[in-house]
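Take 1 as the starting number for the sequence shown in the UniProt record's numbering and just add one per residue.
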Amino acid sequence: MNYDLLVELKKIEDIYSQQSESEGRHHALKNASMQVRLLLQNITASIDNFSSLATTYVSKLYFEKSLSQKSCNTHETGNDMENAPKSCQDVKESGIHTIYPDFKTSGLEVYCEIDQGKAWVVIQRRRYGTVDFDRSWEEYKNGFGNLTGDFWLGNEYIYHMTKYQSRQLRIDMETFEGKKVYAMYNEFGVSSEEGKYRLKADMYSGDAGDALNVAGKIHNGQMFSTYDADNDIYSSCCSCSYKSGWWFGDCLRANLNGKYYYKHETVPGTQGIVWYTLSTSWSVMKFVEMKIH
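Written out as structure tokens, the structure reads:
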């Protein structure tokens, strides 16, 4: 009902009631106002009924339209999924892509690097020092960071990517002095979480030196450790001391997940992002990237 009209009508009734000189005139006016009130109620009810019918009709149209679109989208999505990339091998340009491997059919965002026709999946990058790599077991399992900057893809995804066959691992490094080197491992993989994501890194080549297989401090074959999951073979927690998750042994000759130190900062001992065979002075890295093919 139109509330404002009723209020005004009530005001008129009050005015005329006060001005009426006879009881009969007042009753006549009151009866007339009641008729007007009933008329307004009927008009309002009719408007409400029409509005309800219109809303129902429009909703029905939208529902039928959504069903039609859903049917079309399902058909198109089915066709799209058949052509969706399963790995970086199926993309043409470097950058962030969503791939649909068998172990994650809902899609996995990765950074693909296409170099001379060879497709790599980047699993780790340190460039800006904006991401803290002193993370928990679960965080290293599922991954963290930003694919356009510093990140760790995730141990569980690395495991699935290397589950059925060894992959090539390439590690590109650059010191603050501008020296660029690389280390290549033609047999790389990690075990399942039950095996603590144990590292396999064999058949080295490159000019950085094989820091993962230095006698007495071998990382190859070690289980992954974090501050809340100490799986190293040292008497104390290497991950706690070196502020990162890594394949620590007793404790390290390489740590690409160490704290990022800038050039002007003083690096305590063997802290930081280090690769022992590159320099006897434990130079920290300005840039490092790990990728598999």
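All residues carry an ideal CB built from backbone N, CA and C; glycine is no exception.
| query | Can you tell me the Cα-Cα spacing of Y234 and S136, whole angstroms? | reply | Working through the sequence shown from its first residue, we reach residue 234 at position 234. Working through the sequence shown from its first residue, we reach residue 136 at position 136. Going by the C-alpha atoms only, they are around 19 Å apart.
DSSP state of L278 mapped onto helix, strand, coil: Position 278 of the sequence shown, counted from the first residue, corresponds to residue 278. In this structure, L278 counts as helix in the three-state DSSP scheme.
- prompt: Quick one: complete beta strand (DSSP E) runs, 3+ long, within the segment 141–187?
  reply: Fully contained in the segment 141–187 are the following beta strand (DSSP E) runs of length 3 or more, in chain order: 167–175.
Cutoff 6 Å; reference F63; Cβ partners in own chain excluding five residues on either side: Taking the first residue of the sequence shown as 1, we reach residue 63 at position 63. At F63, the pLDDT of 40 sits below 50, so the modelled position is not reliable and the matter cannot be decided from this model.
Q.
So, does the segment 212–227 touch the segment 93–113, judging by three or more C-beta pairs under 8 Å?
A. Not touching, per the Cβ criterion.
Just to confirm, is the Cβ distance from F188 to I96 under 9 Å? As a working note, residue 188 is residue 188 in the sequence shown. As a working note, residue 96 is residue 96 in the sequence shown. For F188 and I96, no; Cβs fall outside 9 Å.
- Message: To the nearest angstrom, how far is the alpha carbon of S225 from that of L252?
- Response: As a position in the sequence shown, residue 225 is number 225, starting the count at 1. As a position in the sequence shown, residue 252 is number 252, starting the count at 1. Rounded to the nearest angstrom, the two C-alpha atoms are 12 Å apart.
* Short Cβ contact (9 Å threshold) for A183 with R170 -> By 1-based counting over the sequence shown, the position of residue 183 is 183. By 1-based counting over the sequence shown, the position of residue 170 is 170. Contact flag set, yes.
Requested in this report: Output the distance between the C-alpha atoms of V121 and D134, rounded to the nearest integer angstrom.
Outcome: Here residue 121 refers to the residue found at position 121 when the sequence shown is read from its first residue. Here residue 134 refers to the residue found at position 134 when the sequence shown is read from its first residue. The straight-line gap from Cα to Cα measures roughly 23 Å.
- prompt: Rounded to a whole number of angstroms, what is the C-alpha to C-alpha distance between Q271 and E82?
  reply: As a position in the sequence shown, residue 271 is number 271, starting the count at 1. As a position in the sequence shown, residue 82 is number 82, starting the count at 1. C-alpha of Q271 to C-alpha of E82: approximately 47 Å in a straight line.
| task | Return yes when the Cβ of T175 is within less than 9 Å of the Cβ of M285, no when it is not. | result | Counting from one through the sequence shown, the residue named residue 285 turns up at place 285. Counting from one through the sequence shown, the residue named residue 175 turns up at place 175. In this structure, T175 lies closer than 9 Å to M285 by Cβ.
- Task: Could you round the C-beta distance between K200 and M223 to whole angstroms and report it? I think they count as a contact, below 8 Å.
- Result: Within the sequence shown, residue 200 is the residue found at index 200, counting from 1. Within the sequence shown, residue 223 is the residue found at index 223, counting from 1. Contact flag wrong, Cβ pair sits at about 12 Å.
**Study point:** Start and end residues, beta strand (DSSP E) containing C251
**Key:** For the purposes of this step, residue 251 is identified with residue 251 of the sequence shown, where counting begins at 1. It is not in any beta strand (DSSP E) - C251 carries neither H nor E in the DSSP assignment.
Between A208 and the rest of its own chain, which residues show a CB-CB distance below 8 Å, the 5 nearest in sequence each way excluded?
-> Taking the sequence shown and counting its residues from 1, one reaches residue 208 at position 208. Counting only Cβ-Cβ distances below 8 Å, and skipping sequence neighbours, we find I171, M173, V181, Y182, A183, W275, T277 and L278.
Option nearest I114 by Cα separation, candidates D90, Y157, D102 and W247
On the sequence shown, residue 114 is found 114 positions in, with the first residue counted as 1. Looking at the Cα atoms, D90 is the closest of the given residues.
Checking 9 Å against the spacing of the C-beta atoms, do A229 and S244 come in under that value?
By 1-based counting over the sequence shown, the position of residue 229 is 229. By 1-based counting over the sequence shown, the position of residue 244 is 244. Not a contact, by the Cβ cut-off of 9 Å.
- Task: On a CA-only basis, which of W246, P268 and H160 is nearest E139? Give me that one, please.
- Result: One-based indexing of the sequence shown puts residue 139 at position 139. Of the candidates W246, P268 and H160, W246 places its Cα closest to the Cα of E139.
### Message
Could you check whether R127 and F287 sit closer than 9 Å to each other, using their CB atoms as the reference points?
### Response
Stepping through the sequence shown from its first residue, residue 287 is reached at position 287. Stepping through the sequence shown from its first residue, residue 127 is reached at position 127. Yes.
- Query: Around the C-beta of E289, are 16 or more other C-beta atoms found within 10 angstroms, so that it is buried, or is it exposed?
  - Reply: Reading the sequence shown from its first residue, position 289 is the one you call residue 289. It counts as buried.
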